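Q: Sharing a structure below in structure tokens format, with a few things to ask.
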Amino acid sequence: MDQNIADQYKLAFEDKVHDWNWITKIVSTNNPYLTAFLNSWNSAEQITDSLLPDINDALNNPGQEIESDSVTVDIIMHKNEVDFYDDVKGYVISIPLQDFKEIVTEWRNFLKTTPSGGLRVRLFLKKLLG
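To convert a position in the sequence shown, counted from 1, into my numbering, add 946.
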């Protein structure tokens, strides 16, 4: 991934360990709407099968509007931008479509990874020490 994009959006991926020894993958950015949208797309398969093809269609057809949504954030991809809409506030922000594609691709790749060794050790110790 382009480090400038990672820095610009303060992109961070985390394997979060919950008290009940359950791990979830989360993403955070400096844009709460982007963060909420990405976290709602928490299946690598759904991203590969649905979201990335939509992004590619939008890149190949900049005059076309392609919509996608999550529980609280909707997006419209068009004219090489992604417009974010809050269910209450309406339009809130836009980001370049190419940046969005890189971020979504990295998020999908992270979702495919297994938790880091350190997390498995912590889970083992939690189980062992009760």
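Quick reminder that beta carbons are idealized off the backbone N, C-alpha and C, glycines included.
Just so we're clear, the structure is a prediction, and the values are computed from it rather than from any experiment.
Near residue 981, which residues of its chain fall below 6 Å by C-beta distance, leaving aside the five closest residues on each side in sequence?
A: As a first step, residue 981 is located in the sequence shown; it is residue number 35 there, counting from the start. If we look at residue 981 and ignore the five residues flanking it on each side, its Cβ neighbours are 974, 975.
Q: Can you tell me whether residue 977 is buried or exposed? The criterion is at least 16 other CB atoms within 10 Å of its CB, across all chains shown.
A: The residue given as residue 977 occupies position 31 in the sequence shown. Counting Cβ neighbours within 10 Å, residue 977 comes out buried, since at least 16 surround it.
Q: Helix, strand or coil for residue 1011 per DSSP?
A: Along the sequence shown, read from residue 1 onward, the residue named residue 1011 stands at position 65. In this structure, residue 1011 counts as coil in the three-state DSSP scheme.
Q: Assuming residue 972 contacts residue 960 under a Cβ cut-off of 8 Å, what Cβ separation, rounded to an integer in Å, is found between them?
A: If you number the sequence shown from 1, residue 972 lands on position 26. If you number the sequence shown from 1, residue 960 lands on position 14. Yes, they are in contact, since the Cβ atoms of residue 972 and residue 960 sit about 5 Å apart, within 8 Å.
Q: Could you tell me which of 999, 994, 1047, 1036 sits nearest to residue 1019, measuring between CA atoms?
A: Here residue 1019 is taken as the residue at index 73 of the sequence shown, counted from 1. Minimum Cα distance to residue 1019 is reached at 1036.
Q: Excluding sequence positions up to five away, which residues of its chain have a Cβ less than 7 Å from the Cβ of residue 994?
A: Mapped onto the sequence shown, residue 994 falls at position 48. Answer for residue 994: 1054, listed in chain order.
Q: Can you give the Cα-Cα distance for residue 1033 and residue 1039, rounded to whole angstroms?
A: Within the sequence shown, residue 1033 is the residue found at index 87, counting from 1. Within the sequence shown, residue 1039 is the residue found at index 93, counting from 1. Between residue 1033 and residue 1039, the C-alpha separation is close to 13 Å.
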